[in-house]
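Below is one structure; the comments refer to it alone.
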Amino acid sequence: MVYGDNKDAETSAPAFTEADSIPSSKYPSMHSDPNLSMNSFQSEDDFPMRKSSASAYTSPTNSFDPSRMSSEGSPMMMSPWNQSASPFSNPSWSYTDDSQPPATLVGSLVREEGHIYSLAARGDLLYTGSDSKNIRVWKNLKEFSAFKSNSGLVKAIVISGEKIFSGHQDGKIRVWRVSQKNPAQHRRSSTLPTLRDIFKASIRPRNYVPGRKNKSALWIKHSDAISCLSLCEEQGLLYSASWDRTFKVWRISDSKCLESVKAHNDAVNSVVTGPDDAVYTGSADGSIKLWKRKLQAKVTSHEFVKALQTQECAVTALAISPSGTIIYGGSSDGMVNFWDNGKKEMAHGGVLKGHKLAILCIVTAGNMMFSGSADNTICIWRCEGAVHTCMSVLTGHTGPVKCLTVEKDGEGEGGEARWKLYSGSLDKAVKVWSVCDRPAVAPGETGHPPSWDSVPSVSDHSVSSSQSHS
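Read in order, the letters of the sequence shown are residues 1 to 470 in full-length UniProt numbering.
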């Protein structure tokens, strides 16, 4: 089950006509049915204590023990979910100062009109998408402007230059531009695919492919909801993933669809681009796949390389570290697997167990990774080499954390990087957090015992999904 992104969900918001902008007046509450009841979650007492583990070969036969707890082979007894004494009397790392928490809540943005499904930030502007059909723009924690679409649920937002792309439940991508005369006004410049491209493609029978309910459809159109948008700025490309089991490649300059790839056997929930022309997709069929982008005779194509993971649980979110060396994959079982791409062969690095319910979103910044979950929390992870430490767990939301985005926010007093983290939830609120990328300190300095939540695999070889999944 894919929390918050069930492809059988139907929106119940009334239809609006397409318009350029909408005033900032308050709208009545409009709800969709994300098939995720916030009142149906069990209490914390109903869940077992969270454990941490790493993929590792534990015997001469190279067999993986899925029941292995991290405490058996690493100093992880001090995780946030295990407050028992550590068997290690001399921990090698600790937090820097109790008086300086790694994250603080700056403020909350609330509009009683719909669940928050998508976020995008640039500079001092924040764009929020919901199931109310409205895309709102915030500046300095205040509403700056808003615009609407007739499609309903806004599932993804990305920004490229002067263009703002929004992916919708109806399978279309809408392109918006900011008015040069009035920065608060946004106008829709086009819809992908464009009417011109649809007309040109429709006259050729070879452009039709099998679609939903055994009906044919044009290959340049998504036949189901868009789940994710991702940019490859270097190549000027936009990627869209959909519940129709495909991802499509668009050229940003002329809005042309270059390719459609039948990627998975179930809904594609996430697509991200990496260095060296790599593209990663995660699906409800439980797999994460690596694709290689190729350009031959001015024709862009994508070739399947390998599957990083195949499991029963749906893959719900993907992210890549800023360096491009670590790939994170969140699943509906609440775990985050990661792979290290810094060596000749991509190796499974371990499993991060910081959540009780499904992972719904992941973002990265600097040495940090942020994971949002259906358990209403956000885990802040810091990567030290191949080891990830859970620095903090943010508990401000009262509903599933559906989307995250992060922006650089200067430096702290000690020169450490600071980040502004935005979190959107199905509780209809967006929260703004100030996060400090504060490194751990050596023993003997001020601090308290660490919360270890992962260790690297002891083998440099890739670990199969059956070994890495517990």
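Cβ coordinates follow ideal geometry from the N, Cα and C atoms, glycine included. The structure presented is a predicted model; accordingly, all values stated were derived computationally and were not measured.
Check: residue i C-beta below 7 Å from any heavy atom of the ligand SAM
i, result
"R251", "This structure lacks the ligand SAM, and indeed carries no ligand of any kind."
Residue i to residue j span [Cα, whole Å]
i, j, result
"S301", "S108", "43 Å"
"Y239", "V363", "17 Å"
"S423", "T405", "7 Å"
"W250", "L295", "14 Å"
"H115", "S216", "33 Å"
"P102", "L426", "25 Å"
"H264", "F247", "9 Å"
"Q309", "S270", "14 Å"
"K172", "A225", "8 Å"
"C436", "R382", "11 Å"
"L218", "M346", "36 Å"
"I359", "C379", "10 Å"
"K428", "A317", "21 Å"
"Q169", "W243", "10 Å"
"E303", "W291", "5 Å"
"N207", "F165", "25 Å"
"S151", "S132", "9 Å"
"R418", "V432", "13 Å"
"C361", "S160", "21 Å"
"E113", "T191", "25 Å"
"N341", "E143", "41 Å"
"A120", "L126", "6 Å"
"A374", "K402", "8 Å"
"G350", "A386", "9 Å"
"V430", "V110", "6 Å"
"I327", "S321", "7 Å"
"V279", "T273", "4 Å"
"S392", "E384", "15 Å"
"H186", "K343", "45 Å"
"D266", "G329", "17 Å"
Beta-bridge partners of residue i, as assigned by DSSP
i, result
"R293", "H302"
"L318", "G329"
"S283", "V268"
"Q309", "I288"
"E259", "V249"
"S227", "For S227, which the question treats as bridged, DSSP gives no partner whatsoever."
Neighbour flag for residue i against chain B, beta carbons, 8 Å
i, result
"F338", "Protein chains in the displayed structure number just one, and chain B is not present."
Assigned exposure category for residue i - 16 Cβ within 10 Å defines buried
i, result
"L141", "exposed"
"S323", "exposed"
"E193", "The sequence given here places Pro at residue 193; Glu does not occur at that position. Looking at its Cβ environment, which holds 16 or more other Cβ atoms inside 10 Å, P193 is buried."
"G123", "exposed"
"T395", "exposed"
"Q180", "exposed"
"I203", "exposed"
"K408", "exposed"
"residue 483", "There is no way to answer for residue 483, as the model of the chain reaches only from 1 to 470."
"F338", "buried"
"L237", "buried"
"S63", "Annotation note: pLDDT 36 at S63 (below 50); position unreliable, coordinate value reported separately. By the 10 Å Cβ count, S63 comes out exposed."
"P400", "buried"
"L229", "buried"
"A297", "exposed"
"D285", "buried"
"S94", "Note that S94 scores 32 on pLDDT, short of 50, meaning its location in the model is unreliable and no value can be drawn from it."
"S332", "buried"
"K221", "buried"
"L153", "buried"
"F147", "buried"
"S253", "exposed"
"K356", "buried"
Reduced DSSP secondary structure (H/G/I, E/B, other) of residue i
i, result
"R418", "strand"
"K402", "strand"
"R438", "coil"
"K213", "helix"
"S392", "strand"
"I252", "coil"
"W433", "strand"
"I220", "coil"
"D409", "strand"
"G424", "strand"
"S323", "coil"
"G447", "For G447, the predicted structure reports a pLDDT of 36, less than 50, and the residue's modelled location is therefore unreliable. The matter cannot be settled from this model."
Quiz item: Which ranges does the beta strand (DSSP E) cover as unbroken runs of at least 3 residues, wholly within the region 173-208, from first to last along the chain?
Solution: 173-178, 186-192
Practice problem: Write down every uninterrupted run of the beta strand (DSSP E) in the region 93-133 whose length is 3 residues or greater and which is fully enclosed by it, in chain order. | Solution: 103-110, 116-122, 125-130
Quiz item: What residue ranges within the region 336-389 form continuous beta strand (DSSP E) runs of no fewer than 3 residues, ordered along the chain?
Solution: 347-353, 359-365, 368-373, 378-384
Self-check item: Every unbroken beta strand (DSSP E) within the region 128-167, with a cutoff of 3 residues, ordered by chain
Solution: 134-139, 142-148, 154-160
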